[in-house]
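Please read the structure below before turning to the comments.
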Amino acid sequence: MDGSTDRTVTAEASSGDRAAAQLRLDPSRVEAARRILPGGHRPGLDRLAGLAARLLGTSGSQVSLLTELQHVEAGTGAAAVGTSGPLEESLCTVTAAMPAGEALVVSDARTDPRVRDLPPVRAGVIGSYLGTALTDADGHAIGALCVFDEEPRPWAPSEISTLRHLAGSVMTELQLSALLRQHESERLRWELAKEAGEVGTFDFEPSTGVLLWDEQLQRMFGYDPATFDQSLDAFNARVHPDDMEWHADALQASVDTRGEYDVEYRIVLPGGETRWIHARGRHVPGPDGRSDHLIGAAYDTTGEREASTRVTRVLEAMPAGFYSLDRAWRFTHVNAQAERLLGRSRDELLGEVLWEAFPATPGSVFEASYREAVSSGEPVLFDAYYPEPLDGWYELSAWPTPDGLSVYFLEVTDRRAAQEQAERSARRLALLAGVSAELAGALDPLAVTAHLPRVVVPALADFCIVTVVDADGRPRDVGSWHADEEIRPVLDRYMQLRLDAMPPDSPAAVALRTGEIIRRDGREVSSLLPAGEAHDLAVTLAPREAVVLPMRGRNRTLGLLTVFYAEGTPVREADLSTAQEVADRAGLALDNVRLYSAQQQLAEGLQRSLLTEPPEPDHAQIAVRYLPAAEAARVGGDWYDAFMQPGGTTMLVIGDVVGHDTEAAAAMGQLRGLLRGIATYSDAGPVEVLRGLDTSMTTLQMQTLATAAVARFEQTPDELARGVTRMRWANAGHLPPLVINPDGSVAELAEWNGDLLLGVDAGSRRRESVITLDRGSTVLLYTDGLVERRDSDLDEGIHRLREALIDLAGRPLEELLDELLERLVHGRPEDDVALVAVRLHRQDRPRPREAGPNRVPPTVPPEIIP
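Add 19 to a position in the sequence shown, counting from 1, and you land on the number used in the working numbering.
Structure, rendered in structure tokens:
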């Protein structure tokens, strides 16, 4: 790596370091983050993190809090929930360090200099990222909420807004959790303090004014035994001036009525510190029935009061609604946001019973969830809808407390609608993807088109009918489906009758003529049908609305997708757009079938013109086969040929032009014609024919490579008498012929790699081989499409061919070739297959002419001839 690259990486890597250093510079921010750490599993955070991923359509999401480390508190996908790590390595750190109110928007993390050198990006975990800071009431960025994907993607402004909204909910969840945890901690602490002896006792005698305090209470008020004179004046000397008058009234009322003494007041210690004291006492009556003694206890509640004040302050500023209920289900606290969300003031609600203040609550999920929380002692988290007058969806968390139940809630009506819209969009995209996959991979698109109503219903409509225009231009209904199983037979019968009954101005007829979408009232569609069974069935089906969607090809309408909506079903424009997309994809698939069929017919015509029928010599039977590749048009570079030479010999040819397209087919036609001309004019043997063909290709500057094998079958009168035939053959890089002997054994005539291909070097040396064959022998020439497979090598393919020939040796020649194709390629080869085979007759048959002057003498041995 050069120096400039090193400098660049160092600069980029410092982005995480700079953000971490910026966050650490603010100790109050770190302390605020520590205070709000959940300290345990919070299902509310998990739910909000999952909701962020679903709404924004990402593979992962994360809630992180940032102290001196990053703490992953919740998340989905690749988020390592429950772990901590260095701030310098986190994209959430960069998010929290952004200017106030700005989100970190990263469309392609691999190229963004702010994050591209951070470990999650370099590891390929994050390819795109969207994050927003979690900010407390004092403006401290204590963490981040983010979503991310492995691949790059753009982020819309609406998605950024959604994430910010969810970040507010996450912050509310964290704050409320921290406050409730703190409140419970404070309460427990003061309970333990009292149990540990931090409670003082007193004994007051109203008749004498003597006040006795134990040492604990004396210390609490800033006295000791030497300075406390056991008088009410000593007590009053410490009471806060603002509480003096009302406390004296409360004490006198308790003495006069002998009622319970329960007060909380402030005292001022000698050093000027103000403390809160909670005192409770009971009267011990004297002989006259009047109060003789007030005996009780007191303890310092300053810390408890401060914690309660903090809780109240945050609850009032919280963007979520909050209320608390006592054990009788009465409202004991209502914050400002709860007033706004519930449409009732706290003065109206405090002291009211929940079930009476909100009559729709009894018997609902609200009551069931609240009672479950109280009975189980565990918090509950749920979504619920409350009807008029609120008419909204709410997300609620309810915690059981020693005093009753605490509830915080958010109105999520808009979020719920956005989530439902996102889920509908996801379902529509999945539906389109499924339709595309079925149409693309179907062997019979017409059958898939007939299946479309089952895909469309009930996702996009209540019932559906598909119509296809046949080759003669006549429409016919090919498929239907209804969401109600009991109505499907009615719809099926209606589908059989409706087209014949519809007039020329029916919506279906108009859509077929114009290619336009037609929307009609369901009753109007029924009224177009004449009286009869079709009309009665339409009335029974009773659609509220019918929409006819054309299935358009490239230049004409090839069918219709008609969707119907029943009473009570809203017609969503998004659903109609999806249905039209389904119709368009089906129309394109049908058009491709039409075009492919036309191309197929053209290719087959070209094939028939190039590959002629074999001759019928008296000494042998010749059979040929050509099978195109299953995935290509029916034309290619493979060819066979069989013809008689002037001298009376029979010549068989097999060849394969390199390539799989129309150019290869055209080159095949040229080579086949040249070889025929050379062989029939010269009456030469196989090796000379191949030499002549190679020379002609060079002279004519044919930029083509090809393999070929040529075999000539010869007989002298003596050989005819002995019932043997000589086969002379030459091979230009082609697979060798195979021979089935009369006894059923199979022989491979040579190594398969032969001489040099045609079109490489016209001056290359070519060889010829000769073999003697008995009557009843069969010779097979073939192209590599018969034996090649993607999952095995060529030697394995030739072995399979030999085994098949041994098994089929006794079959008639035509049947043998058909069965061979079925066994080896199952009628659908991966590559073109050409076959030419000859079977020598077992009985002598008269010859049409004498042996010509070019016949090889019977003395030539079966050896290699240069």
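Backbone N, C-alpha and C fix where the C-beta goes; we use that ideal spot for every residue, glycine too.
Taking Asp803 as the reference, give the member of Gln664, Ala648, Gly829 with the closest Cα.
Ala648
Tell me, please, whether the segment 86 to 96 touches the segment 32 to 52 by the rule of three or more beta-carbon pairs shorter than 8 Å.
yes
Gln81 - partner residues in DSSP beta bridges:
Gly94, Cys165
Taking 6 Å as the limit between beta carbons, can you name the residues of its chain near Leu360, skipping five residues before and five after?
Gly340, Glu430
Nearest by alpha-carbon distance to Ala38: which of Gln81, Ala553, Val49, Thr114 is it?
Thr114
Which residue's Cα is closest to the Cα of Gly150: Gly69, Gln81, Ala565, Arg172?
Gln81
So Ala142 is in the alpha helix (DSSP H); what residue range does that whole segment cover?
No alpha helix (DSSP H) contains Ala142, which DSSP labels as neither H nor E.
From the DSSP output, read off the bridge partner residues of Leu230.
Phe223
Quick check on the burial criterion: 16 or more other C-beta atoms within 10 angstroms. Buried or exposed for Asp481?
buried
Determine, using beta carbons only, whether Met190 and Thr154 come nearer to each other than 8 Å.
Yes, Cβ-Cβ distance for Met190 and Thr154 is below 8 Å.
Assign Pro132 to buried or exposed, taking buried as 16 or more other Cβ atoms, counted over all protein chains shown, within 10 Å of its Cβ.
With fewer than 16 Cβ atoms within 10 Å of its Cβ, Pro132 is classed as exposed.
Leaving out five residues on either side along the sequence, give the residues of the same chain with a beta carbon under 7 Å from the beta carbon of Pro139.
Leu110, Ile145
Based on the DSSP output, what are the partners of Thr797 in its beta bridges?
As computed with DSSP, Thr797 is found in a beta bridge with Ile759, Arg858.
Residue range of the beta strand (DSSP E) that includes Ala642
639 to 646
I'd like to check one pair, Ser147 with Pro171: are the Cβ atoms closer than 8 Å?
yes
Which residue spans inside the segment 667 to 699 form an unbroken beta strand (DSSP E) run of at least 3?
669 to 676
Residue burial classification, Gly35 (beta-carbon count within 10 angstroms, cutoff 16)
buried
Using 8 Å as the threshold, is the segment 364 to 374 in touch with the segment 391 to 410, meaning 3 or more CB pairs across them?
no
Cβ contact check for the segment 591 to 598 and the segment 440 to 457: 3 or more pairs under 8 Å
Segments in contact, yes.
Proximity to Thr559 [Cα-Cα], best of Asp511, Leu792, Pro105:
It is Asp511.
What alpha helix (DSSP H) runs, 4 residues minimum, are completely inside the segment 486 to 565?
As far as the segment 486 to 565 is concerned, its whole alpha helix (DSSP H) runs of at least 4 residues are 507 to 520, 526 to 533, 541 to 547, 552 to 560.
Exposed unless 16 or more other CB atoms sit within 10 angstroms - verdict on Val229
Val229 comes out exposed.
Can you find at least 3 beta carbon pairs, one from the segment 734 to 746 and one from the segment 706 to 720, that sit closer than 8 Å?
no
Ordered list of beta strand (DSSP E) runs contained in the segment 782 to 850, each at least 3 residues
788 to 793, 797 to 801
On the three-state DSSP scale, how would you describe Arg277?
coil
Between which two residues does the beta strand (DSSP E) harbouring Tyr404 extend?
399 to 405
Within a Cβ cutoff of 7 Å, which residues of the same chain sit near Tyr405, ignoring the five residues on either side of it in sequence?
Excluding residues within five positions, the ones whose Cβ falls inside 7 Å are Ala379, Gly411, Tyr413.
List the DSSP bridge partners of Thr744.
Leu792
Counting C-beta neighbours from all protein chains within 10 Å, is the total for Tyr902 16 or more, i.e. buried, or is it exposed?
No information on residue 902 is available, as it lies outside the stretch 20 to 885 that the chain covers here.
Hey, how far is the Cα of His312 from the Cα of Pro225?
7 Å
So Met716 is in the alpha helix (DSSP H); what residue range does that whole segment cover?
705 to 718
Determine the direct distance from the alpha carbon of Phe583 to that of Val566, and round the result to whole angstroms.
6 Å
Which first and last residues belong to the alpha helix (DSSP H) in which Asp345 is found?
That residue, Asp345, is in no alpha helix (DSSP H); its beta strand (DSSP E) goes 340 to 345.
Give me the Cα-Cα distance between Tyr280 and Asn255, rounded to the nearest whole angstrom.
Straight-line measurement puts the Cα of Asn255 at about 17 Å from the Cα of Tyr280.
Mind checking whether Val806 and Arg794 have CB atoms under 8 Å apart?
No Cβ-Cβ contact shorter than 8 Å links Val806 with Arg794.
Expressed to the nearest angstrom, what Euclidean distance is found between the alpha-carbon atoms of Thr181 and Pro848?
Between Thr181 and Pro848, the alpha-carbon positions lie close to 54 Å from each other.
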